[in-house]
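K.L.:
Dumping the structure here so I can ask a few things about it.
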Amino acid sequence: MFKQLLTPYRRWCPLLGCLALAACLTGRAPAADNDAEPEEKPKVRDLGPPLVDDINDLRRLHAVYPVWIDAKHKQLVLMAETCRANYPLEFLATYPARGYESLVIVQVKPSIVHAGLLALGAEPGHPARFEPKFEPATGTEVEIEVRWKDKAGKLQKSRAQDWVRDIQTKKALELNWVFAGGSFWTDESTGKQIYRADGAGDFISVLNLPTATLDLPIRSASALESRLFEGFVERIPPEHTPVTMILKPKLTAKTKKPGS
Numbered sequence: 123m124f125k126q127l128l129t130p131y132r133r134w135c136p137l138l139g140c141l142a143l144a145a146c147l148t149g150r151a152p153a154a155d156n157d158a159e160p161e162e163k164p165k166v167r168d169l170g171p172p173l174v175d176d177i178n179d180l181r182r183l184h185a186v187y188p189v190w191i192d193a194k195h196k197q198l199v200l201m202a203e204t205c206r207a208n209y210p211l212e213f214l215a216t217y218p219a220r221g222y223e224s225l226v227i228v229q230v231k232p233s234i235v236h237a238g239l240l241a242l243g244a245e246p247g248h249p250a251r252f253e254p255k256f257e258p259a260t261g262t263e264v265e266i267e268v269r270w271k272d273k274a275g276k277l278q279k280s281r282a283q284d285w286v287r288d289i290q291t292k293k294a295l296e297l298n299w300v301f302a303g304g305s306f307w308t309d310e311s312t313g314k315q316i317y318r319a320d321g322a323g324d325f326i327s328v329l330n331l332p333t334a335t336l337d338l339p340i341r342s343a344s345a346l347e348s349r350l351f352e353g354f355v356e357r358i359p360p361e362h363t364p365v366t367m368i369l370k371p372k373l374t375a376k377t378k379k380p381g382s
C-alpha cells in the first residue's frame, strides 16, 4: 500500500531528495540540481519512539527528522516537545527558536509534512489573503491529536485544540486546522524555489500568516494586542515533555486517491 500511495509523486523527488517519501509540494516544484552539495546532517534531539497503536504501520519520511507516514490509517506522525508561550500565541507548533510563542516545538521541516499530506490525498488551498479583501485560509481540514506520558508513565491523549483557548471566553478552540499549503520564494542567485515555512518555522499557526503550512480558517490577527488565543496551561504537560503529534486529513470522496 505504501508504494502505491507514493507512486504518483516520484517525479517530484528532487525537492525532497532526503525523504523516503517522493511527493510534490505544489504543481510547480523546481527542477533538480544534481550538482548541489548534500545538506549537513541536522542535529535532532531524541524524543523517544512515537506513541502510536502499532509502530509497524509507520514508514519514516526522513532519515534524521522524527516524522513518519501511516498509509494504513491515512495519517502523519511526528515528534515534538512542549514549551510555554510567554504571551498570546502565534503557533501550535514551530521551531525551537520561536518556542516562546508556541505550545510545542518541532525539528521537522514543514515541507516534509506538506509532502506527506499530499501523499495521503490532502489538497492544499491557500493561506489567508488580505488584499483586496480578507479571505481565510483554505484547504483540506486536518485533525491533530497529541499524545504523551504523564509523570506515572501513563499514556494520555488529547485533541490539539484542547491545548488552545480563546483569550476572551477562556474556552478551548473548536476549529480544525486547514492545509493552507504555505508559499514559495525564489532565490535569484540560483533560480531555486524555496518553501518559506522551512526558513522561519511557520508550521501550524493560530494566527493568519501568508507562509503557514497549516492555519485556522478564520480571521486571526497577528498584532500582539489583537491575538485571539493563549495556551490552556492547565491541560498541557510540563515543559520539555515529548509529544507525539498525529495529523489526520479529513479526506472526502473528491480528495481520496483511486485504489487508496
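Following the numbering used here, the numbering of the sequence shown begins with 123 at its first residue and continues without gaps. We put the beta carbon where it would ideally sit given N, CA and C, even for glycine.
(1) Count the other CB atoms within 10 Å of the CB of PHE325; is the residue buried (16 or more) or exposed (fewer)?
(2) Determine the direct distance from the alpha carbon of LEU331 to that of ARG281, and round the result to whole angstroms.
(3) From the DSSP secondary-structure annotation, give me the bridge partner or partners of SER327.
(4) Does SER348 come out as helix, strand or coil in the three-state DSSP assignment?
(5) Within the same chain, show all residues whose beta-carbon is closer than 7 Å to that of PRO171, passing over the 5 residues directly before and after it, in chain order.
(6) What is the rounded straight-line gap between the Cα of LEU277 and the Cα of GLN283?
(7) To the nearest angstrom, how far is the alpha carbon of ALA319 from that of ALA274?
(8) By DSSP's criteria, LEU369 is part of a beta bridge. Which residues make up the other side?
(9) Using only CA atoms, which one of TYR209, ALA244 and THR333 lies nearest to GLY353?
(10) Is it true that the CB of ALA244 sits closer than 8 Å to the CB of THR260?
(11) I'd like to confirm the pairing. Which residues does DSSP put opposite GLU296 in its beta bridges?
(12) When you compare the CB positions of THR367 and ALA250, do they come within less than 8 Å of one another, or not?
(13) Does the count of Cβ pairs from the segment 332–346 and the segment 295–304 closer than 8 Å reach three?
P.N.:
Reading from the atomic positions:
(1) Working through the sequence shown from its first residue, we reach residue 325 at position 203. Flag for PHE325 reads buried.
(2) As a working note, residue 281 is residue 159 in the sequence shown. As a working note, residue 331 is residue 209 in the sequence shown. For ARG281 and LEU331, the distance between alpha carbons rounds to 22 Å.
(3) Within the sequence shown, the letter at position 205 stands for residue 327. For SER327, which the question treats as bridged, DSSP gives the partners PHE213.
(4) As a working note, residue 348 is residue 226 in the sequence shown. Residue state for SER348 is assigned as helix, using DSSP reduced to three classes.
(5) Position 49 of the sequence shown holds residue 171. Same-chain partners within the cutoff: ILE177.
(6) Translated into the one-based positions of the sequence shown, residue 277 becomes position 155. Translated into the one-based positions of the sequence shown, residue 283 becomes position 161. Rounded to whole angstroms, LEU277 to GLN283 spans 18 Å at the Cα level.
(7) In the sequence shown, the residue the question calls residue 319 occupies position 197. In the sequence shown, the residue the question calls residue 274 occupies position 152. Separation of ALA319 and ALA274 (C-alpha to C-alpha, rounded to the nearest whole angstrom) is 36 Å.
(8) Start at 1 with the first residue of the sequence shown, and residue 369 comes out as number 247. Under the DSSP definition of a beta bridge, LEU369 partners with LEU198 and ILE266.
(9) Here residue 353 corresponds to residue number 231 of the sequence shown, with the count starting at 1. Of all alpha-carbon atoms in TYR209, ALA244 and THR333, the one lying nearest the alpha-carbon of GLY353 is that of TYR209.
(10) Taking the first residue of the sequence shown as position 1, residue 260 is located at position 138. Taking the first residue of the sequence shown as position 1, residue 244 is located at position 122. In terms of Cβ geometry, THR260 and ALA244 do not form a close pair [threshold 8 Å].
(11) For this step, residue 296 is matched to residue 174 along the sequence shown. DSSP output for GLU296 lists no bridge partner at all.
(12) By 1-based counting over the sequence shown, the position of residue 367 is 245. By 1-based counting over the sequence shown, the position of residue 250 is 128. According to the sequence provided, residue 367 is Met. The question's Thr does not apply to it. Cβ atoms of MET367 and ALA250: not closer than 8 Å.
(13) Yes: the two stretches touch, three or more of their Cβ pairs being nearer than 8 Å.
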